[in-house]
Amino acid sequence: MTLIPFLEDNPNPNDNEIRQALSGNLCRCTGYQNIVKAVKLAASLQNSVHSAFPR
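Residues 1 to 55 in our numbering are what the sequence shown lists, from first letter to last.
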């Protein structure tokens, strides 16, 4: 749930911004690699939807 407002405020986050947004929620032992990829995919999909259906 943390990432919904994060992506609304920052629709094109870089890796460091994503890691910072997640820093209080997850263990850092994995480096967030797959999670960062998933957030980037979610941002891309969200941007595509917003482009196709502007508010």
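By construction, the Cβ of each residue, glycine as well, lies at the ideal position given by its N, Cα and C atoms.
Near the ligand ATP: residue i beta-carbon under 7 angstroms from a heavy atom
{"i": "residue 46", "result": "What this structure holds is no ligand at all, so the ligand ATP is not there to describe."}
Boundaries (first-last residue) of the alpha helix (DSSP H) holding residue i
{"i": "residue 23", "result": "Unbroken run through residue 23: none, as it is neither H nor E."}
{"i": "residue 5", "result": "3 to 9"}
{"i": "residue 34", "result": "33 to 52"}
Check whether residue i and residue j have beta carbons under 8 angstroms apart
{"i": "residue 13", "j": "residue 49", "result": "no"}
{"i": "residue 7", "j": "residue 46", "result": "yes"}
{"i": "residue 41", "j": "residue 21", "result": "no"}
{"i": "residue 15", "j": "residue 36", "result": "yes"}
Beta-carbon contacts of residue i that lie in its chain and below 7 angstroms, excluding the five residues immediately before and after
{"i": "residue 43", "result": "7, 11, 12, 13"}
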